[in-house]
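Numbering (the working numbering), first residue to last: -8 to 106. Virtual Cβ for every residue (Gly too), placed ideally from N, Cα, C. Computed from a predicted model, the values in this text were never measured in an experiment. Worksheet for the structure shown next.
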Amino acid sequence: MKILIVEDEHAARSAMEQYLRISGFEVAAAATPEDALATAAEFAADALVLDWELGADMNGVDVARELQHGEAPALIFITGQSLAELRRESSDLRVRAYFQKPVSLREIAQILDPA
-8 MKILIVEDEH
2 AARSAMEQYL
12 RISGFEVAAA
22 ATPEDALATA
32 AEFAADALVL
42 DWELGADMNG
52 VDVARELQHG
62 EAPALIFITG
72 QSLAELRRES
82 SDLRVRAYFQ
92 KPVSLREIAQ
102 ILDPA
């Protein structure tokens, strides 16, 4: 399974990327919405793990809206903000799971591959 991580915090992005690779996933990572959109054009992800607040003009929900069309990738959102607010903002998307930071990388891996 191919996973695209979109997280602006370097340490969090790096930890997720390493953990998911060790867990057997093929992983690409992006720090900005623009990088995420460019990477997605080359890397056909089966799932997106997105931080909501990316410190940019676009947030994780905006990126998901751009990328979730046709055979849509599964969406997992993570945030340090209000889960209720994130759920409201993303209510038009098909979201598999929401996680509040600090997030359990093991739980993310289990959601991605429940076997």
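Secondary structure at residue i, three-state DSSP: helix, strand or coil?
i: residue 65; result: strand
i: residue 85; result: coil
i: residue 44; result: coil
How would you call residue i, buried or exposed, if buried means at least 16 neighbouring beta carbons within 10 angstroms?
i: residue 73; result: exposed
i: residue 81; result: buried
Roughly how many angstroms separate the alpha carbons of residue i and residue j, rounded to a whole number?
i: residue 64; j: residue 39; result: 6 angstroms
i: residue 68; j: residue 42; result: 6 angstroms
i: residue 70; j: residue 14; result: 22 angstroms
i: residue 1; j: residue 29; result: 18 angstroms
Assuming residue i contacts residue j under a Cβ cut-off of 8 angstroms, what Cβ separation, rounded to an integer in Å, is found between them?
i: residue -5; j: residue 19; result: 5 angstroms
i: residue 122; j: residue 11; result: This structure does not reach residue 122, given that the chain is present from -8 up to 106, and the question cannot be answered.
Exercise. Would you be able to state if there are at least three C-beta pairs under 8 angstroms between the segment 45 to 59 and the segment 2 to 9?
Key: no
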